[in-house]
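Sequential numbering from 1 applies to the sequence shown in my numbering. Note that the Cβ used here is the ideal one computed from N, Cα and C, for glycine as well. Because the structure is a prediction, the values reported are computed rather than measured. Here's the structure we're looking at; comments come further down.
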Amino acid sequence: RNDAFYHPHVGEMLAERGYDLFVLNYRNVGASRRAQLFDNPYLNSHCESADFGEYHEEIDKALERIGSLKAYSHTLAYAHSTGGTILIDYLLREPRTAPFDGLVLNSPFVDWAQGGAT
Numbered sequence: 001r002n003d004a005f006y007h008p009h010v011g012e013m014l015a016e017r018g019y020d021l022f023v024l025n026y027r028n029v030g031a032s033r034r035a036q037l038f039d040n041p042y043l044n045s046h047c048e049s050a051d052f053g054e055y056h057e058e059i060d061k062a063l064e065r066i067g068s069l070k071a072y073s074h075t076l077a078y079a080h081s082t083g084g085t086i087l088i089d090y091l092l093r094e095p096r097t098a099p100f101d102g103l104v105l106n107s108p109f110v111d112w113a114q115g116g117a118t
């Protein structure tokens, strides 16, 4: 059980089809944010540096960990809200071979205009 994945119907569907599901809950985002594990709740990007690149290492480490468990032939990313924005940033800014065969963005947080940022 992982409280960071709030789409149990998607998890159940993936499990029924033989997929393994791994959840990455970025620090200061999602469940961490609700638990008030950081000082400034008004940070635009939810991280001290105001740069989503701060989370790229977490994605790399999660992919390394998943790869150490089993040799998967395909990897699909499913990202929600700010997680979608972080993943988009990761894929656009880091020069690498794309680590994912597919990408699902569920309500990615991509419009800063309503939040007051420019």
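Can you give me the C-alpha to C-alpha distance between residue i and residue j, rounded to a whole angstrom?
i: Phe52; j: Ala15; result: 30 Å
i: Val10; j: Tyr78; result: 10 Å
i: Ser81; j: Pro108; result: 4 Å
i: Arg65; j: Glu58; result: 10 Å
i: Leu92; j: Glu12; result: 30 Å
i: Arg17; j: Val110; result: 30 Å
i: Ile86; j: Val104; result: 13 Å
i: Gly83; j: Asn25; result: 8 Å
i: Thr97; j: Tyr90; result: 12 Å
i: Pro8; j: Phe22; result: 13 Å
Residue i and residue j look like a contact to me (Cβ under 8 Å); what is the Cβ gap, rounded to whole Å?
i: Pro99; j: Leu63; result: 6 Å
Considering only C-alpha positions, which residue in the set the options is nearest to residue i?
i: Lys70; options: Asp20, His7, Gly102; result: Asp20
What is the residue span of the alpha helix (DSSP H) that residue i lies within?
i: Ala71; result: From DSSP, Ala71 is part of no alpha helix (DSSP H); its letter is neither H nor E.
Quick one: what's got a C-beta closer than 6 Å to residue i's C-beta in the same chain, skipping five residues either side?
i: Gly131; result: Outside the displayed span of the chain (1 to 118) sits residue 131, for which this structure offers no information.
Taking residue i as part of the beta strand (DSSP E), name the residues at either end of that continuous run.
i: Tyr78; result: 76-80
i: Leu14; result: Premise fails: Leu14 lies in the alpha helix (DSSP H), 8-16, not in any beta strand (DSSP E).
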